[in-house]
Amino acid sequence: DDRGAGGAALFQWRPPSLGRNIRRARQLLSTGTKLRFWDAVLRATTTPTPLPHDEYEDPREVPAVRVNRVRATPRRLAALPTPTERYRASVFGQLHRELRGWRPSAFRRAFLAKGHGGQRRAFKVQFQGEGVNDYGGPYRAIFDQIAAELQHDEFPVSGGGGGGAEGSPALGW
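Going by the UniProt record's numbering, the first residue of the sequence shown is number 1, and it counts up by one from there.
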């Protein structure tokens, strides 16, 4: 009998799994091989985007996401009384609110237009009250700011103690 103390099975048969076998062999594959494979998967699963009539316009399938960075400065966030209010005002919370209703295929879009400087994107960014056009800078800046918010030792969105603390509204989505 393959049962231990208390009747628990000591051996549990698992059917063969390609994913499990790949995970076991991951040290055998070079980083270059993994990156080429990953690039091929991304290309194969990218959501196609029809070209606009005017090459300087963005297609309607690439929406603009509005974010107010002025509202999300660390000083302003720290002044808000509750973690929920801080989360809503943060760049992370604003972006989450803008993107939460999107279908997964919308995030797999990789549109590249003239003037984007090689930056493929799923959406454009509009910084409210800043008067900038998104030719790649605001798109990259939004991710930089989110990373800074989440890594801040006293991240106002999580209530302090290093972003992402248990019970944080940021983790509740």
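Yeah, the Cβ is synthetic: ideal placement off N, Cα and C, and Gly gets one too.
Backbone CA spacing between residue i and residue j [nearest angstrom]
i           : j          : result
residue 235 : residue 27 : The structure shown does not extend to residue 235, since the chain is modelled only from 1 to 173, so the question has no answer here.
residue 33  : residue 19 : 16 Å
Segment limits, beta strand (DSSP E) that includes residue i
i           : result
residue 65  : 64-67
residue 12  : Where residue 12 is concerned, there is no enclosing beta strand (DSSP E), given that its DSSP letter is neither H nor E.
residue 127 : 124-127
Neighbourhood of residue i by C-beta, 6 Å cutoff - its chain only, sequence neighbours within 5 removed
i           : result
residue 37  : none
residue 14  : none
residue 167 : Caution applies to residue 167, whose pLDDT of 46 falls short of 50 and renders its modelled position unreliable; the value that the coordinates give is listed next. The answer is none, since no qualifying residue turns up.
residue 64  : 124, 126
Close-in-space but distant-in-sequence residues of the same chain around residue i (CB under 8 Å, 5 per side omitted)
i           : result
residue 85  : none
residue 111 : 49, 58, 59, 61, 62, 120, 121, 122
Own chain residues within Cβ distance below 7 Å of residue i, not counting five before or after
i          : result
residue 91 : 67, 69, 72, 142, 145, 146, 149
Environment of residue i [buried if 16+ CB atoms lie within 10 Å]
i           : result
residue 151 : exposed
residue 83  : buried
residue 118 : exposed
residue 41  : exposed
residue 130 : exposed
residue 94  : buried
Which listed residue (the options) has its alpha carbon closest to that of residue i
i          : options          : result
residue 58 : 125, 140, 129    : 125
residue 61 : 12, 55, 48       : 48
residue 97 : 78, 104, 88, 107 : 88
N-terminal and C-terminal residue of the alpha helix (DSSP H) that residue i is part of
i           : result
residue 34  : 31-45
residue 183 : The structure shown does not extend to residue 183, since the chain is modelled only from 1 through 173, so no value can be given for it.
residue 72  : First-last for residue 72: undefined, no H or E at that position.
Min CB distance residue i to chain D below 8 Å
i           : result
residue 118 : The structure shown contains no chain D, having only a single protein chain.
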